[in-house]
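>
Numbering (the working numbering), first residue to last: 0 to 341.
(1) In chain order, which beta strand (DSSP E) runs of at least 3 residues are fully inside the segment 146–203?
(2) Out of 112, 329 and 297, which has the shortest C-alpha to C-alpha gap to residue 267?
(3) Taking contact to mean at least 3 C-beta pairs separated by less than 8 Å, is the segment 45–60 in contact with the segment 101–113?
(4) Between the alpha carbons of residue 305 and residue 226, how many angstroms are there, rounded?
(5) Between residue 291 and the rest of its own chain, which residues show a CB-CB distance below 7 Å, the 5 nearest in sequence each way excluded?
(6) Express the C-alpha separation of residue 297 and residue 188 in angstroms, rounding to a whole number.
(7) Assign residue 258 to one of three DSSP states: helix, strand, or coil.
(8) In three-state terms, what does DSSP make of residue 205?
(9) Starting from the C-beta of residue 76, find all residues in its chain whose C-beta is less than 7 Å away, skip the five residues before and the five after it, and write them out in chain order.
(10) Given residue 95, which residues of its chain have a CB within under 6 Å of its CB, disregarding the five upstream and five downstream residues?
(11) Hey, quick one: how far does the alpha helix (DSSP H) through residue 69 stretch, first residue to last?
(12) Give the secondary structure of residue 33 by DSSP, where H, G and I count as helix, E and B as strand, and everything else as coil.
(13) Within 10 angstroms of its Cβ, does residue 185 collect 16 or more other Cβ (buried), or is it exposed?
(14) Less than 6 Å between C-beta atoms, sequence neighbours within five positions excluded: which residues of the same chain meet that for residue 42?
(15) Round the Cβ separation of residue 275 and residue 249 to the nearest angstrom and send it over; I've been treating them as touching at under 8 Å.
(16) Give the range of the beta strand (DSSP E) segment to which residue 268 is assigned.
(17) How is the beta strand (DSSP E) around residue 56 delimited, first residue to last?
(18) Going by alpha carbons, who is nearest to residue 78 out of 282, 256, 286 and 38?
(19) Note the first and the last residue of the continuous alpha helix (DSSP H) segment covering residue 99.
(20) Would residue 21 be called buried (16 or more neighbouring beta carbons within 10 Å of its own) or exposed?
(21) Going by C-alpha to C-alpha distance, which of 334, 243 and 341 sits closest to residue 301?
(22) So what does residue 297 bridge to, in DSSP terms?
(23) On the criterion of 16 or more Cβ atoms from any shown chain inside 10 Å, does residue 317 qualify as buried, or is it exposed?
(24) With DSSP as the reference, please indicate the residues paired to residue 132 in a beta bridge.
(25) Helix, strand or coil: how does DSSP classify residue 221 here?
(26) Name the two residues that bound the continuous beta strand (DSSP E) containing residue 313.
(27) Please classify residue 279: is it buried, with 16 or more other beta-carbons within 10 angstroms of its beta-carbon, or exposed?
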């Protein structure tokens, strides 16, 4: 995977060097007494032999969703290339079982260490805090300047800004946005290896599905339906079920995958990609062309799965995100919509 190798070899978000598994450090060695010190240590450690320790400097509430997203990317169900990606970055001893049992710090630290292994010729020096401003609540926004020297890329002076929070007598940094963006890039690369093969219609659907005009607020002639969100959260939407544009009979293909952005930079929610028949596609294209800005809802077995405003002309495929659902639940629903044998 040359593109993935090049991608992982770029950026400073994932810099760490290998240390013996299970290494630990005394709390007083990790504790950063100021926000500036926390930010400076993050950059210094990320480019040297103390690299895995960088995870010790990250705020737990931002470390946890990062670890969950990382574990998802390395899950064999995410992409055909995910296992090779996991072995390359973590090492062959990191099985799915070991990954699941690892703490947030262990997994993220090991992953960042693997990223540094791809940049052995990088040297970071002249690290210093050049600005520190008050952020929201008790946070501090700290900008760090540093020099990067690389035999392959040359020398450059770079800057990064960290959000730091107090934790007892110490300071911790929020997971840098560059690190989260790096996972997004990795996700797109892994998704490129996914086979784009739909489950084909095999028989009558075992689940009801509709695409119909809808509203976020009560409207005459529209039926109030439950709208379920992430973590079981429930609200209402109003749907004109009598004027449905499409039903399950207009679906000729379905495919389930992790493919919807979740909140708080955590793992992706599952989605079902729905392929419409030629007649269904024409109906949707004509309607959306004439109703820009209108609201449509996807209704599954009497419950609103998706409600959104039409932002353009729609055609052959629709994405139905299922917040809070498991991938297995999404796959089951895709099979039910296509009438495949259980």
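Beta carbons are placed, not taken as given, at the ideal position from N, Cα and C, and that holds for glycine. Keep in mind the model is a prediction, meaning the values are calculated, not measured.
According to the structure data:
(1) 153–166 and 169–172
(2) Translated into positions along the chain shown, residue 267 becomes position 268. Among 112, 329 and 297, the Cα nearest to that of residue 267 belongs to 329.
(3) yes
(4) Counting from one through the chain shown, the residue named residue 305 turns up at place 306. Counting from one through the chain shown, the residue named residue 226 turns up at place 227. Going from the Cα of residue 305 to the Cα of residue 226 covers about 8 Å.
(5) The residue given as residue 291 occupies position 292 in the chain shown. Excluding positions up to five away in sequence, the list reads 309.
(6) Here residue 188 refers to the residue found at position 189 when the chain shown is read from its first residue. Here residue 297 refers to the residue found at position 298 when the chain shown is read from its first residue. Computed Cα separation, rounded: 29 Å.
(7) As a position in the chain shown, residue 258 is number 259, starting the count at 1. Residue 258: strand per DSSP, three-state reduction.
(8) Start at 1 with the first residue of the chain shown, and residue 205 comes out as number 206. Residue 205 carries a coil assignment under DSSP once its states are collapsed to helix, strand and coil.
(9) Translated into positions along the chain shown, residue 76 becomes position 77. Hits under 7 Å: 326.
(10) In the chain shown, counting from the first residue as 1, residue 95 sits at position 96. By the criterion of a C-beta distance shorter than 6 Å, residue 95 is surrounded by no residue of its chain, once the five residues flanking it on both sides are discounted.
(11) The residue labelled residue 69 in the question sits at position 70 within the chain shown. Taken as a continuous stretch (DSSP letters only), the alpha helix (DSSP H) holding residue 69 covers 59–72.
(12) Residue numbering aside, residue 33 sits at position 34 when the chain shown is read from its first letter. For residue 33, the secondary structure class from DSSP, reduced to helix, strand or coil, is coil.
(13) Counting from 1 along the chain shown, the entry for residue 185 is found at position 186. Classification of residue 185: buried, given that the 10 Å Cβ count is 16 or more.
(14) Position 43 of the chain shown holds residue 42. The residues are 126, 143 and 145.
(15) Here residue 275 corresponds to residue number 276 of the chain shown, with the count starting at 1. Here residue 249 corresponds to residue number 250 of the chain shown, with the count starting at 1. Rounded, the Cβ-Cβ distance is 6 Å, consistent with contact.
(16) Against the chain shown, residue 268 aligns to sequence position 269. If you look at residue 268, you'll find it in the beta strand (DSSP E) that goes 268–275.
(17) Taking the first residue of the chain shown as position 1, residue 56 is located at position 57. Taken as a continuous stretch (DSSP letters only), residue 56 belongs to no beta strand (DSSP E), as it is neither H nor E.
(18) For this step, residue 78 is matched to residue 79 along the chain shown. Nearest option by C-alpha distance: 256.
(19) Here residue 99 is taken as the residue at index 100 of the chain shown, counted from 1. Note, residue 99: alpha helix (DSSP H), 95–100.
(20) In the chain shown, the residue the question calls residue 21 occupies position 22. Reliability fails at residue 21, whose pLDDT of 35 lies under 50, so the model's placement of it is uncertain and the value that follows must be treated cautiously. Per the 10 Å Cβ criterion, exposed.
(21) To locate residue 301, count along the chain shown from 1; it is residue 302. Checked all of 334, 243 and 341; the closest Cα to residue 301 is 243.
(22) Looking up residue 297 in the chain shown gives position 298. The partner list for residue 297 (beta bridge, DSSP) reads 210 and 305.
(23) If you number the chain shown from 1, residue 317 lands on position 318. Burial call: buried.
(24) Within the chain shown, residue 132 is the residue found at index 133, counting from 1. In DSSP, residue 132 forms a bridge with 140.
(25) Residue numbering aside, residue 221 sits at position 222 when the chain shown is read from its first letter. Note: residue 221 maps to coil in three-state DSSP.
(26) Counted from its first residue, the chain shown places residue 313 at position 314. No beta strand (DSSP E) contains residue 313, which DSSP labels as neither H nor E.
(27) Along the chain shown, read from residue 1 onward, the residue named residue 279 stands at position 280. Label assigned to residue 279: buried.
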